[in-house]
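What follows is a short report on a single structure.
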Amino acid sequence: CNDSQSSLSVNCLDRHVHIAPNKVALIWEKDEPGKEVRVTYRELLELTCRLGNTLKRQGVKRGDRVTIYMPPCPLAVASMLACARIGAVHTVVFAGFSSEALADRIRDGKLITVNQGLRGGKVIELKQTVDQAVRACPLVKRVLVSMRTEQKVPMSELDVPLEEVRCHVELPPTSPQGREMMKEDVCCEPAVMESEDLLFLLYTSGSTGKPKGLVHSQAGYLLYAAITHKYVFDYHDGDVFGCMADIGWITGHSYVVYGPLCNGGTTVLFESTPVYPNPVERLRINQFYGAPTAIRLLLRYGDEWVKRYDRSSLKTLGSVGEPINREAWEWYFNVVGEARCPVVDTWWQTETGGICISPRPSTPVMTKGIIFQGNVITENNASGALCISQAWPGMARTIYNDHKRFLETYLMPYPGFFFTGDGAYRTSQGYYQLTGRLDDVINVSGHRLGTAELEDIVHGAVAESAVIGFPHEIKGEGAYAFIVLKKGTDISQERLSNELKELVSKKIHGGSPFPTRLPKTRSGKIMRRVLKKIVEDKADELGDLTTLDDHEAVEEIIEGHKRLL
Ligand code: 6R9
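Counting with the UniProt record's numbering, you get residues 1 to 565 for the letters of the sequence shown.
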């Protein structure tokens, strides 16, 4: 390779196979706890090569786009790496999305999936969803199907059973018939790519508007994922890295797959979100990286649930995806991390490719956020739009097929800067505090309040809250709080409302009857725009709900709001 060329799969696989072929690359924490599967670097390379050869045999060429609709599993990781190995571009679609959402995200003729998924013991008919999506999407010419369970599923002429690939009639007559993936050659010559060639497209979690297919390129993305993985988490050779994210999100791309594998690490693939803490004890996880929503869920069950398990392997705890409220942070630090593991609250986005703001674990806890790139604000005690002043290796290069939208969304609002869409406050000591999405900012009597600032208010009865603005005759806008109580708490609406009002000096308006949960995206972000519509009595205009995790949460809140009227 010359200076501008790279081979991503060589960096993630072959390089390590030369040094330590039997080192464990993946630990697949299956839906059935205690049945984890370990895959070495040599095995992962062989699987990737076989799949790369299979894809080529099915007609996938350099530059083609391949959709991957699979839950986290070794073959899903091999699928991503196999695409990279042959120069194809992957789009992983979260395997919880509906057929419509999947069809919307398909950009080319080949798709890889599994017969069925398993989540919390429940069977999910993934192939059925794919069949529906394919009917709406004639672009798809081949569906490669792997077997996650024993259950046979109906196969059409488009489908190729992966564990037993039979060639299709239109393939060149020289192709041997009846080959299986496991009979494909374990060598697959890696495509040498230019550093700016496309690596993957990934659709944003889509809390507003039409999903954007962000484009990441080869060399810069990989470098940025690897370097942030190493330094932010203080990752050392031999550590076991446990990132809870699904591979369908950017966090899964950068910190389950690319960052850890480029660093030759051992990475845990969680098939389902663990709501039990024992994988830490059983797999001896050293770095644990999760979303505040999962931390708050555990917190609701109390300390005993976590304390039952040995957490002595833990060295660094990470948080990502949403602002972490003070109480969850304290609990994560004191109870989960036994007040000895630094908590790195990492801010970044699909657009940034990797972590941009984070404390360093080797320095005292709650250190100043380091900004990997400069920020406009030069004085402390200031708030504003979070913008990035220079390009960095991991930044998204464009929105697929819509560069104009990319420029308009990120580069034109503040010329000369990359606009993140988030608000931030810099404290008197120079710490950064993320205040939430700027489109969620509430303006009460001329005071601009970030949703995160209000949600951060600590009250013994509150497990989780979401604050939104609503039109108010006098103040212009009032703040409205949805509160989920801790398990077993008994407190009247009025008393809690009064106590909270006191705590926020009248910033918060009453609130609905306590819902049991909040509407969130599948990646765990509270969908405040949905709450806002409900409070504005526009429950019939909730907008795009494809990323919504739990429709019943919305219904419960609509009912609660009606009762209040
Ligand atoms: C990695 C990821 C990006 C948005 C981002 C911001 C919010 C992420 C955060 C955080 C406060 C943190 N966000 N990390 N807010 N503190 N540590 O989540 O990517 O799905 O694209 O979401 O998430 O609002 O703009 P993505």
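Note that CB positions come from ideal geometry on N, CA and C, so glycine has one too.
- Within 10 angstroms of the beta-carbon of Lys-122 lie fewer than 16 other beta-carbons, which makes it exposed.
- In the same chain as Gly-290, and ignoring 5 residues on each side of it, the C-beta atoms closer than 6 Å to its own belong to Met-244, in chain order.
- When Cβ pairs closer than 8 Å are counted between the two stretches, the region 348-361 is seen not to touch the region 265-284, the count staying below three.
- Under the three-state reduction of DSSP, Cys-49 is assigned to helix.
- When only Cα atoms are considered, Pro-161 and Arg-105 end up about 23 Å apart.
- Per DSSP, Thr-546 lies in no alpha helix (DSSP H) and is assigned neither H nor E.
- Put simply, the backbone Cα of Thr-129 is about 19 Å away from that of Trp-249.
- Residue pairing by DSSP puts Asp-159 in a beta bridge opposite Val-143.
- DSSP places Cys-83 inside the alpha helix (DSSP H), whose first and last residues are 74-86.
- Relative to ligand 1, the beta carbon of Trp-329 is positioned no closer than 7 Å to any heavy atom.
- Between Thr-420 and Gln-493, the C-beta spacing is not below 8 Å.
- Counted as a single uninterrupted DSSP element, the stretch harbouring Ile-27 is not any alpha helix (DSSP H) but the beta strand (DSSP E) occupying residues 24-29.
- Tyr-41 sits in a helix when the DSSP states are folded into three classes.
- Per the DSSP secondary-structure output, Ile-399 pairs in a beta bridge with Leu-214.
- With the rule of 3 Cβ pairs closer than 8 Å, the region 209-219 does not count as touching the region 32-48.
- The region 291-300 makes contact with the region 326-340; the number of CB pairs closer than 8 Å reaches 3 or more.
- Within a 10 Å sphere around the beta-carbon of Ile-474 sit fewer than 16 other beta-carbons, which makes this residue exposed.
- Asp-345 is bridged by DSSP to Ser-319.
- Arg-311 is classed as buried because its beta carbon has at least 16 other beta carbons within 10 Å across all chains shown.
- One Cα belongs to Ile-227, the other to Cys-137, and the distance between them is close to 39 Å.
- A residue is called buried once 16 or more other Cβ atoms fall within 10 Å of its Cβ, and Gly-265 is buried on that count.
- Between the C-alpha atoms of Ala-133 and Glu-464 there is a straight-line separation of about 36 Å.
- For Glu-455, the closest of Thr-516, Arg-326, Asn-381 and Trp-347 by C-alpha to C-alpha distance is Arg-326.
- Pairing Leu-283 with Ile-27 gives a Cβ-Cβ distance under 8 Å.
- Looking at the backbone, the Cα of Val-344 and that of Gln-429 are separated by about 18 Å.
- Counting only the Cα atoms, Val-320 lies some 6 Å from Trp-347.
- The Cβ neighbour count for Thr-149, taken over all protein chains shown within 10 Å, is under 16; the residue is labelled exposed.
- Rounded to the nearest angstrom, the gap between the Cα atoms of Ser-99 and Ala-76 is 19 Å.
- Relative to ligand 1, the beta carbon of Pro-323 is positioned inside 7 Å of a heavy atom.
- Shown here, Ile-324 sits in coil according to DSSP, grouped into three states, outside any helix or strand.
- A direct Cα-to-Cα measurement between Ile-558 and Gly-524 gives close to 20 Å.
- Here the alpha carbons of Asp-439 and Pro-33 stand approximately 40 Å from one another.
- Under DSSP, Phe-241 shares a beta bridge with Thr-267 and Gln-287.
- Shortest gap from the CB of Ser-465 to any heavy atom of ligand 1: 7 Å or more.
- Judged by beta-carbon spacing, Leu-45 lies within the 8 Å limit of Asp-14, meaning their Cβ atoms are closer than that value.
- The nearest non-hydrogen atom of ligand 1 is 7 Å or more from the C-beta of Gln-287.
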